[in-house]
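Trainee: Supplied in structure tokens, the structure appears directly below.
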Amino acid sequence: MERSQIMARVRGKDTTPEMRVRRALWRAGLRYRLHDVSLPGRPDVVFPRHRLALFVHGCFWHRHHGCKRASMPSSNIGYWTAKFDRNVRRDAAVQAELARLGWRVLVVWECETKTNDQLDVVVATVMALMARGGAAASTTPS
1 MERSQIMARV RGKDTTPEMR VRRALWRAGL RYRLHDVSLP GRPDVVFPRH
51 RLALFVHGCF WHRHHGCKRA SMPSSNIGYW TAKFDRNVRR DAAVQAELAR
101 LGWRVLVVWE CETKTNDQLD VVVATVMALM ARGGAAASTT PS
């Protein structure tokens, strides 16, 4: 029961990494929409004029490849493997659908939001995408 209570408290939006990204974007003078329900996957941050959707993914839940935060729980491995596989497939399908609709997608990983220098990179990436257009997938190679 304790594990269930802990997992029930995991937030789907307004997470700490998301709030860090949003504050950095706001400080840089960038204005955005939040959790646009009209778009596939309800992106965390949306820049409608630039057709740019930004997702702030937790490394654990969304399986950031090569990240130490993407560890596997030691119990009930079958459940967790299936859960993580569904998350990764859903993320890919959402990104593909957004691209099909003419949106660019930027994924910011939780581990990329820990320092002000990392947040500066996120802001610079967003501003560059707004300035020139083009495809986006992540602020760093996964």
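Sequential numbering of the sequence shown, starting at 1, is according to the working numbering. Note that CB positions come from ideal geometry on N, CA and C, so glycine has one too. Note that the structure is predicted; figures quoted are calculated from it, not measured.
So what's Ala-128 in DSSP terms, helix, strand or just coil?
Mentor: It is helical.
Trainee: Inspect the beta-carbon positions of His-35 and Trp-109 and report whether they are closer than 8 angstroms.
Mentor: Contact flag unset, no.
Trainee: What are the complete beta strand (DSSP E) segments, minimum 3 residues, inside the region 44 to 94?
Mentor: List check, beta strand (DSSP E) in window: 45 to 47 and 52 to 57.
Trainee: Below 7 angstroms CB to CB, which residues in the same chain sit around Arg-143 once its five sequence neighbours on both sides are set aside?
Mentor: Since the first residue shown for the chain is 1 and the last is 142, residue 143 is missing from the structure and cannot be characterised.
Trainee: By DSSP, does Val-107 sit in helix, in strand, or in coil?
Mentor: If DSSP states are grouped into helix, strand and coil, Val-107 belongs with the strands.
Trainee: Given a cut-off of 8 angstroms on the beta-carbon distance, is the pair Tyr-32 and Leu-39 in contact?
Mentor: The answer is no: Cβ separation not under 8 angstroms.
Trainee: State the DSSP-derived secondary structure class of Leu-34, mapped to helix, strand or coil.
Mentor: Strand.
Trainee: Under 8 angstroms, do Val-107 and Leu-98 count as touching if we go by C-beta distance?
Mentor: Cβ distance not < 8 angstroms, so Val-107 and Leu-98 don't count as in contact.
Trainee: Quick check on DSSP: helix, strand or coil for Gly-29?
Mentor: Here Gly-29 sits in coil by DSSP.
Trainee: Quick check on Val-122: buried or exposed, where buried means 16 or more other Cβ atoms within 10 Å of its Cβ?
Mentor: Per the 10 Å Cβ criterion, buried.
Trainee: Can you tell me the Cα-Cα spacing of Ser-75 and Leu-30, whole angstroms?
Mentor: Approximately 43 angstroms, taken between the alpha carbons.
Trainee: Report the option in Tyr-79, Met-127 and Ala-53 whose CA atom is closest to the CA atom of Leu-101.
Mentor: The shortest C-alpha separation from Leu-101 is found at Ala-53.
Trainee: To the nearest angstrom, how far is the alpha carbon of Arg-20 from that of Thr-113?
Mentor: The alpha-carbon atoms of Arg-20 and Thr-113 are separated by roughly 7 angstroms.
Trainee: What is the C-beta distance between Arg-22 and Val-37, in whole angstroms, given that I count them as a contact (C-beta under 8 angstroms)?
Mentor: With a Cβ gap of about 17 angstroms, Arg-22 and Val-37 do not count as contacting.
Trainee: Would you say Trp-103 and Arg-51 are within 8 angstroms of each other, going by their C-beta atoms?
Mentor: It is a contact, given that the beta carbons lie within the stated cut-off.
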